[in-house]
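Those letters in the sequence shown? Residues 3 to 66, per our numbering, in order.
Note that beta-carbon positions come from the ideal geometry of N, C-alpha and C, so glycine has one too.
Taking it in order: structure first as C-alpha coordinates, then the write-up.
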Amino acid sequence: MELRGNILINELQSHSGIEKSNFNYHFNEILHSYKINPDQLTIELLRETLAEYLQDLILETQEG
(Lines of atoms letter the chains of each structure in order from A and count residues from 1; the text may use other names and numbers.)
(Lines give C-alpha, C1' and ligand atoms only; values in the text may rest on other atoms or scores of the structure.)
Protein backbone atom coordinates (compact mmCIF):
# COMPACT_ATOMS: atom_id res chain seq x y z
CA MET A 1 0.00 0.00 0.00
CA GLU A 2 1.40 3.36 -1.03
CA LEU A 3 1.45 6.09 1.57
CA ARG A 4 -0.48 9.08 0.31
CA GLY A 5 -2.91 11.74 1.41
CA ASN A 6 -3.94 11.80 5.05
CA ILE A 7 -2.24 8.47 5.77
CA LEU A 8 1.09 9.95 4.65
CA ILE A 9 0.50 13.14 6.63
CA ASN A 10 -0.38 11.16 9.78
CA GLU A 11 2.76 9.01 9.40
CA LEU A 12 4.91 12.09 8.91
CA GLN A 13 3.41 13.76 11.97
CA SER A 14 3.78 10.70 14.18
CA HIS A 15 7.48 10.38 13.34
CA SER A 16 8.23 14.11 13.52
CA GLY A 17 8.13 14.40 17.30
CA ILE A 18 6.12 17.62 16.90
CA GLU A 19 2.88 18.06 18.85
CA LYS A 20 -0.02 17.14 16.54
CA SER A 21 -1.94 20.45 16.49
CA ASN A 22 1.28 22.43 15.95
CA PHE A 23 2.38 20.09 13.16
CA ASN A 24 -1.03 20.18 11.48
CA TYR A 25 -1.20 23.97 11.57
CA HIS A 26 2.23 24.52 10.03
CA PHE A 27 2.04 21.62 7.58
CA ASN A 28 -1.35 22.79 6.31
CA GLU A 29 0.10 26.29 5.85
CA ILE A 30 2.88 24.82 3.70
CA LEU A 31 0.43 22.77 1.62
CA HIS A 32 -1.83 25.80 1.17
CA SER A 33 1.01 28.11 0.14
CA TYR A 34 2.16 25.62 -2.51
CA LYS A 35 -1.46 24.97 -3.60
CA ILE A 36 -1.36 21.27 -2.77
CA ASN A 37 -4.51 19.30 -2.02
CA PRO A 38 -3.70 17.12 1.02
CA ASP A 39 -5.71 14.23 -0.47
CA GLN A 40 -3.40 14.19 -3.51
CA LEU A 41 -0.14 14.25 -1.53
CA THR A 42 2.35 11.53 -2.48
CA ILE A 43 5.84 10.88 -1.18
CA GLU A 44 7.34 12.35 -4.36
CA LEU A 45 5.22 15.50 -4.11
CA LEU A 46 6.12 15.75 -0.41
CA ARG A 47 9.83 15.59 -1.28
CA GLU A 48 9.49 18.27 -3.96
CA THR A 49 7.42 20.55 -1.74
CA LEU A 50 9.69 20.28 1.29
CA ALA A 51 12.76 20.87 -0.89
CA GLU A 52 11.18 24.05 -2.28
CA TYR A 53 10.08 25.12 1.20
CA LEU A 54 13.58 24.66 2.64
CA GLN A 55 15.11 26.49 -0.30
CA ASP A 56 12.69 29.39 0.25
CA LEU A 57 13.57 29.48 3.97
CA ILE A 58 17.30 29.57 3.18
CA LEU A 59 16.82 32.40 0.70
CA GLU A 60 14.71 34.36 3.21
CA THR A 61 17.35 34.06 5.92
CA GLN A 62 20.09 35.12 3.53
CA GLU A 63 18.10 38.18 2.45
CA GLY A 64 16.96 39.22 5.89
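Check	Outcome
Taking the alpha helix (DSSP H) that residue 60 falls in, what are its first and last residues?	45 to 65
Rounded to whole angstroms, what's the CA-CA distance from residue 45 to residue 66? Just pull it up for me.	31 Å
Give me the Cα-Cα distance between residue 49 and residue 59, rounded to the nearest whole angstrom.	15 Å
For residue 10, tell me which candidate among 43, 19, 37 and 18 has the shortest Cα-Cα distance.	43
Locate the alpha helix (DSSP H) running through residue 27, then write down its first and last residues.	22 to 35
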